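Novice: Each position in the sequence shown, counted from 1, maps to that position plus 7 in the numbering used here.
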Amino acid sequence: MAAPGPALCLFDVDGTLTAPRQKITKDMDCFLQKLRQKIKIGVVGGSDFEKVQEQLGDDVIKKYDYVFPENGLVAYRDGKLLCKQNIQGHLGEALIQDLINYCLSYIAKIKLPKKRGTFIEFRNGMLNVSPIGRSCSQEERIEFYELDQKENIRQKFVEDLRKEFAGKGLTFSIADVGNLISGSSAFSKTSLNIRKFTVHVLLKPGLENFEHYFTSMRPDQLRCLPRWLGQEVLPGTRGEGRL
Numbered sequence: 008m009a010a011p012g013p014a015l016c017l018f019d020v021d022g023t024l025t026a027p028r029q030k031i032t033k034d035m036d037c038f039l040q041k042l043r044q045k046i047k048i049g050v051v052g053g054s055d056f057e058k059v060q061e062q063l064g065d066d067v068i069k070k071y072d073y074v075f076p077e078n079g080l081v082a083y084r085d086g087k088l089l090c091k092q093n094i095q096g097h098l099g100e101a102l103i104q105d106l107i108n109y110c111l112s113y114i115a116k117i118k119l120p121k122k123r124g125t126f127i128e129f130r131n132g133m134l135n136v137s138p139i140g141r142s143c144s145q146e147e148r149i150e151f152y153e154l155d156q157k158e159n160i161r162q163k164f165v166e167d168l169r170k171e172f173a174g175k176g177l178t179f180s181i182a183d184v185g186n187l188i189s190g191s192s193a194f195s196k197t198s199l200n201i202r203k204f205t206v207h208v209l210l211k212p213g214l215e216n217f218e219h220y221f222t223s224m225r226p227d228q229l230r231c232l233p234r235w236l237g238q239e240v241l242p243g244t245r246g247e248g249r250l
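1) Given this structure, state the Cα-to-Cα distance separating S180 from K87, to the nearest angstrom.
2) Can you list, in chain order, the residues of its chain with a C-beta nearer than 7 Å to that of Y109? Leave out the 5 residues immediately preceding and following it.
3) Since L17 and G49 should fall inside the 8 Å C-beta cutoff, what is the C-beta to C-beta distance between them, to a whole number of angstroms?
4) Under 8 Å, Cβ to Cβ, is there at least one residue of chain C near L63?
5) Between the C-alpha atoms of R28 and D65, what's the straight-line distance to the nearest angstrom?
6) Ignoring anything shorter than 4 residues or poking outside the segment 81 to 151, list the alpha helix (DSSP H) runs there in chain order.
7) To the nearest angstrom, how far is the alpha carbon of K69 from that of F75?
8) Under the assumption that L134 contacts I127 (Cβ atoms under 8 Å), give the Cβ distance between them as a whole number of angstroms.
9) Closest to V67 by C-alpha separation, out of L98, K30, G99, K45, would be which residue?
10) Mark F129 as exposed unless 16 or more other C-beta atoms lie within 10 angstroms of its C-beta, in which case mark it buried.
11) If you follow the beta strand (DSSP E) that F179 is in, where does it begin and where does it stop?
12) Starting from I6, trace the beta strand (DSSP E) both ways and give me its first and last residue.
13) For L111, count neighbouring Cβ atoms within 10 angstroms of its own Cβ and tell me buried if that reaches 16, exposed if not.
14) Tell me whether N159 is buried or exposed, calling it buried when 16 or more other Cβ atoms sit within 10 Å of its Cβ.
15) Are S144 and G124 close, meaning C-beta to C-beta below 8 Å?
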């Protein structure tokens, strides 16, 4: 049962509460439920609701006061769906197809030690693009990440996309291990969708302070509300219950 009070601790999922695309540990789960006895808690992730359930449990909307899949474009409060937005209405089908085709063409030209399947995943608020393919194993994902750290594969991809689609209302950024994301500038993760689209969900109950724990945002990407305090989770503490 959530504790009453005017404050909220909001946690990123991948890289903060869990290793990328992995299930939450029992220790972390227990830690969060103990924290919930003292303060309201919420989670935000780029993945869709089904994947958030896979990582945090089928009862995720009962265990957290706020759940924001797809970076806040889908919002749950107190176990109920409050709002849902999508990218199609903002970009239009023609631009979405141009973007998908360009990404697939670019990926086809990249030489990697391994490639798997599901290179693009369409979500309500973004396209998740994976040069290695989202169906890769965790070991293959880490292998690609280590190669990317040396060769800046994703950064070059992002820079190319920004140049190709300049002025078309799109944003591009590197996401968790192995992926990059693209979407409408109105739905940009780097601008915190929660601030733009679902902050009214947080304000309605009279919350006075928000504390956000994350791993994958640079300082220039985080545009905060006056009452929003961002806390970066440092390497070595991610997903280990030592926040």
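Where a beta carbon is used, it is the ideal one built from N, C-alpha and C, also for glycine. No experiment lies behind these values; they were computed from the predicted model shown.
Specialist: Once the coordinates are examined:
1) Along the sequence shown, read from residue 1 onward, the residue named residue 180 stands at position 173. Along the sequence shown, read from residue 1 onward, the residue named residue 87 stands at position 80. If I take the Cα positions, the gap works out to 30 Å.
2) Your numbering for residue 109 matches position 102 in the sequence shown. The residues are E171.
3) As a first step, residue 17 is located in the sequence shown; it is residue number 10 there, counting from the start. As a first step, residue 49 is located in the sequence shown; it is residue number 42 there, counting from the start. Rounded, the Cβ-Cβ distance is 5 Å, consistent with contact.
4) The question asks about chain C, but that chain is absent: this structure has only one protein chain.
5) The residue given as residue 28 occupies position 21 in the sequence shown. The residue given as residue 65 occupies position 58 in the sequence shown. Distance between the alpha carbons of R28 and D65 is about 15 Å.
6) 95 to 98, 100 to 116
7) Residue 69 sits at position 62 when you count from the first residue of the sequence shown. Residue 75 sits at position 68 when you count from the first residue of the sequence shown. The alpha-carbon atoms of K69 and F75 are separated by roughly 13 Å.
8) As a working mapping, residue 134 is identified with position 127 in the sequence shown. As a working mapping, residue 127 is identified with position 120 in the sequence shown. Their Cβ separation, rounded to whole angstroms, is 6 Å, which keeps L134 and I127 in contact under 8 Å.
9) Your numbering for residue 67 matches position 60 in the sequence shown. The option with the nearest alpha carbon to V67 is K30.
10) Numbered from its first residue, the sequence shown carries residue 129 at position 122. Answer is exposed; the Cβ neighbour count stays below 16.
11) In the sequence shown, residue 179 corresponds to position 172, counting from 1. Residues 177 to 181.
12) Because the chain is modelled from 8 through 250, residue 6 falls outside the range shown and cannot be assessed.
13) Here residue 111 refers to the residue found at position 104 of the sequence shown. So L111 counts as exposed.
14) Within the sequence shown, the letter at position 152 stands for residue 159. Counting Cβ neighbours within 10 Å, N159 comes out exposed, since fewer than 16 surround it.
15) Taking the sequence shown and counting its residues from 1, the one referred to as residue 144 is at position 137. Taking the sequence shown and counting its residues from 1, the one referred to as residue 124 is at position 117. Not in contact: S144 and G124 (Cβ atoms no closer than 8 Å).
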